[in-house]
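Asker:
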Amino acid sequence: GESVGLHLPTLSVQEGDNSIINCAYSNSASDYFIWYKQESGKGPQFIIDIRSNMDKRQGQRVTVLLNKTVKHLSLQIAATQPGDSAVYFCAEKVGFQKLVFGTGTRLLVSP
Amino acid sequence: EPEVTQTPSHQVTQMGQEVILRCVPISNHLYFYWYRQILGQKVEFLVSFYNNEISEKSEIFDDQFSVERPDGSNFTLKIRSTKLEDSAMYFCASSGGWGGDEQFFGPGTRLTVL
């Protein structure tokens, strides 16, 4: 079946800490994964993506890790800031274009 | 920076009424999508649209729903005979290329069915 799930519904960190948000996916045929950030009242905002032929990809302060063996995806945010507080979704591309989203993890950053 | 826009931001309607949600995708994009998010739940795919026809749809997207690109800039989602359970945030998205390209999301329309 198709399902993407997140292990932790809420993650609380201190400003300056590194954050790690995890995601499990079930469709071993998926070849493209995306992390989105959603702030209250807004649409999902692209953070970073990764294709299945890679196991790591870095952006500005963010890193995505993909472990295809255990079908696990993680998002690492370095030096977390209060502006990073939001709900984070992983999504996998199933078929040609359809994105299947996970349930979301709320990241709370305390100053 | 180009962005996807959606109108209205909030739509309130009576059960059984028809609503049309509007989107203006990013101008050079070729693929258009609708997703919905029921309050507190995850974002769910509804439909994708390319070359003036539906390319993929979910089981949620039944005969109650239809999409249209009436002109060169707008992309609409019509919901006929709305039900209470249609209350949700509806997000439009667009992407430029085939498969795997980043989907840019609009700010959403909150639909409330009374």
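Taken in order, these protein sequences are the chains called A and B. Residue numbering for the first sequence is 8 to 118, as defined by this note's numbering. Residue numbering for the second sequence is 14 to 127, as defined by this note's numbering. Every residue, glycine too, gets a C-beta built ideally from N, C-alpha and C.
Along the chain, where does the beta strand (DSSP E) containing residue 100 (chain A) start, and where does it finish?
Answerer: 93–101
Asker: Can you tell me the Cβ-Cβ gap for residue 63 (chain B) and residue 34 (chain B), rounded? I've got them flagged as a contact below 8 angstroms.
Answerer: No, residue 63 (chain B) and residue 34 (chain B) are not in contact; Cβ-Cβ is about 19 angstroms, not under 8 angstroms.
Asker: Answer yes or no: does any C-beta atom of chain B fall closer than 9 angstroms to that of residue 98 (chain A)?
Answerer: yes
Asker: To the nearest angstrom, how far is the alpha carbon of residue 77 (chain A) from that of residue 36 (chain A)?
Answerer: 13 angstroms
Asker: Who does residue 102 (chain B) pair with in a DSSP beta bridge?
Answerer: B:50 and B:123
Asker: Would you list the residues sitting across from residue 74 (chain A) in a DSSP beta bridge?
Answerer: A:79
Asker: Considering only C-alpha positions, which residue in the set A:57, A:31 and A:27 is nearest to residue 38 (chain A)?
Answerer: Proximity to residue 38 (chain A) across A:57, A:31 and A:27 peaks at A:57, based on C-alpha coordinates.
Asker: Output the distance between the C-alpha atoms of residue 98 (chain B) and residue 21 (chain A), rounded to the nearest integer angstrom.
Answerer: 38 angstroms
Asker: Report all residues from its chain with a CB closer than 6 angstroms to the CB of residue 79 (chain A); omit the five preceding and five following residues, and keep chain order.
Answerer: 31
Asker: Do residue 81 (chain A) and residue 72 (chain A) have their beta-carbon atoms positioned less than 9 angstroms apart in this structure?
Answerer: Remark: C-beta atoms of residue 72 (chain A) and residue 81 (chain A) approach each other more closely than 9 angstroms.
Asker: Against chain B, with Cβ distances strictly below 9 angstroms, would residue 32 (chain A) count as a contact?
Answerer: no
Asker: Within the present structure, is the beta-carbon of residue 92 (chain B) separated from the nearest heavy atom of the ligand FAD by less than 8 angstroms?
Answerer: What this structure holds is no ligand at all, so the ligand FAD is not there to describe.
Asker: Consult DSSP for residue 43 (chain B) and reduce its assignment to one of helix, strand or coil.
Answerer: coil
Asker: In this structure, what does DSSP give as the bridge partners for residue 64 (chain A)?
Answerer: A:71
Asker: From the beta carbon of residue 118 (chain A), is the nearest beta carbon of chain B less than 9 angstroms away?
Answerer: no
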